[in-house]
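Remarks on the structure that follows.
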Amino acid sequence: MNGKLAHLFAAGEFIVTTELAPPDSANPDDVLQRAAVFDGAVDAINATDSSGANCHMASLATCVILKQHGYHPIMQMSCRDRNRIAMQGEVLGAAALGLRDIVFISGDGVQSGDHPGAKPVFDLDSISLIGIVKTMRDSGQYASGRKLTGRPDVFIGAVDNPFVPDMDFRVMRLAKKIAAGAQFIQTQYCFDVPVLKQYMAKVRALELHRQAAILIGVGPLASAKTALWMREHVPGIHIPDHIIARLAAATDPKQEGRLICREIMQALRDTDGVAGIHMMAYRQEECVPELIRQSQILAQRRMPCVTRNSVTDLITH
Amino acid sequence: MRKIRYWSVTHAGALLRIYRTLEWGMIKLDPLWRRLGYARIEKPLTSVETVIKQTLFDCKMCGQCVLSQTGMACPMNCPKQVRNGPCGGVRGNGHCEVNPEMRCVWMEAIRGAENMPQPSALHNTQQPLNHARQGQSSWIMTIKKRSADREST
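Order-wise, the sequence lines are chains A and B. Straight run, no breaks: the first sequence in the working numbering ends on number 317. Straight run, no breaks: the second sequence in the working numbering ends on number 1153.
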């Protein structure tokens, strides 16, 4: 396995990934502009797959643009928009284009996006898809059993949400995802450290953290109003009342939101079994390098955090 | 009817016992079904299955019934048809992210499984759905398979 994430996980390094919303444009410069703010601060960048069921540039294309310019992209593939024929073909295509890290998700319902009249495909769920990709890679065959002539060397990613019911069942489902083939996990936003710690205790009891790199989702909240809106309207977001109260009481809510985020990042770094963080700083992307630097979460890293390889590196590798 | 669906989950254990008894009887009758020809009984039996399962479970006749593993909650009622759930969008009150008035199908499955003799069946990994079997009878498939298994042992 040659992927960067696999390498960092095997080396026991604390990993930082982040997220880029692909643009509503056909201009590659728009992708690069969005990526540039992360320079020097993160190991890899997810390109979301029309998240929230809102249409954007394809994740595959966004990842290829990022890769061509030295970034390490993580592709996302949602079951919402394609059937198994399209998805298996896309996995082969992505691997052929050099994309190694792919996150497979069920995806948001179309009702939450800008095309609520679209047909929700959901031919597979995320666990079935993960199983199929693992079979393609390890057994060299499609779900149909037909042989591949070249296998996709993919490091398989998945998502989880430790903060929604049923809390006990969540970890069992995570175990099922990992058994199906997931090798790294990116979670929903963590705003509740005690709940996360309970979740991680269960993860450790099943030794899941040894089988997959668990990256916990974090992000700065801009204000109490934003936090309340997110809690109300974004599926799967859990924000405790005391966090909202802190934001409401602050004279500078934006700075308070970033301080809360840094505190959570530090708590995560000190939690056994957490392999890293996945930073989702939607509309506050510019603060990501500062958050990572100030939180000191990478202080103990032995390998440098390289967001973007130079063009010479690209030629020699 | 969502109310009936929730009732069925509450009585998952009893419904499973009734189903198992019926299944046992149907397998016993295998020689009769063969004489009549499975092709001939398929249509009427599929209609009976459809009516019963639609009433009790809001069944979608996917043709690959997993009710006996999912606490009598049909995963095809999940708006994302997640057969290995629940997804990460479950609301704090256990309702569906897509359809806020509806309880999450998988939260129902967890509730129903507690009333079943083998709650751990809920953790089985379900294989991708074969959409070509949509509308076909799961009962006939099971009876045929069980009868064949019995003969081979």
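Each residue gets a CB set at the ideal place from its N, CA and C atoms; glycine is no exception. On a predicted model such as this, the values are computed, not experimentally measured, just so you know.
Rounded to whole angstroms, the separation of the alpha carbons of THR48/A and VAL164/A is 22 Å. Counting the other CB atoms within 10 Å of its CB gives TRP1033/B a total of 16 or more, which places it among the buried residues.
If you look at ASP241/A, you'll find it in the alpha helix (DSSP H) that goes 241-249.
Just so you know, the alpha carbons of TYR1006/B and GLU1108/B end up roughly 8 Å apart.
A direct Cα-Cα distance of roughly 45 Å separates ALA201/A from ILE1140/B.
Counting only residues of its own chain and dropping the five nearest sequence neighbours on each side, ASP108/A has a CB closer than 6 Å to the CB of GLY52, ALA53.
Under the Cβ criterion (8 Å, minimum of three pairs), the stretch 1013-1029 of chain B does not count as touching the stretch 91-105 of chain A.
By the neighbour-count criterion, in which 16 or more other beta carbons inside 10 Å mark a residue as buried, GLU19/A falls on the buried side. Relative to ALA26/A, the option among PRO304/A, ARG204/A, VAL121/A, MET57/A whose CA is nearest is MET57/A.
Look at the stretch 158-202 of chain A and you find these whole runs of alpha helix (DSSP H), each 4 residues long or longer: 167-180. In terms of CA proximity to ALA267/A, PHE191/A leads the group VAL154/A, ARG146/A, PHE191/A, SER112/A. In chain order, PRO165, ASP166 make up the part of chain A whose C-beta sits under 7 Å from the C-beta of MET1107/B. For ILE85/A, the enclosing alpha helix (DSSP H) begins and ends at 84-96. Residues are counted here when their Cβ sits less than 9 Å from a Cβ of chain B; for the stretch 116-144 of chain A these are PRO120, PHE122, ASP123, LEU124, ASP125, SER126, ILE127, SER128, LEU129, GLY131, ILE132, ALA143, given in chain order.
In this structure, CYS1096/B is the residue among SER1068/B, CYS1096/B, ARG1091/B with its C-alpha nearest to the C-alpha of GLN1081/B.
Contact between the stretch 171-178 of chain A and the stretch 195-214 of chain A is present: 3 or more CB-CB pairs across the two stretches fall below 8 Å.
A Cβ-Cβ contact shorter than 9 Å links GLY276/A with ILE216/A.
Shown here, HIS72/A sits in coil according to DSSP, grouped into three states, outside any helix or strand. Taking 4 residues as the shortest admissible run, the stretch 1001-1064 of chain B contains the following complete alpha helix (DSSP H) segments, listed from N- to C-terminal end: 1002-1010, 1012-1028, 1030-1036, 1038-1057. Taking the CA atoms as reference points, SER78/A sits about 8 Å from SER50/A. ALA249/A has its alpha-carbon roughly 10 Å from the corresponding atom of HIS242/A.
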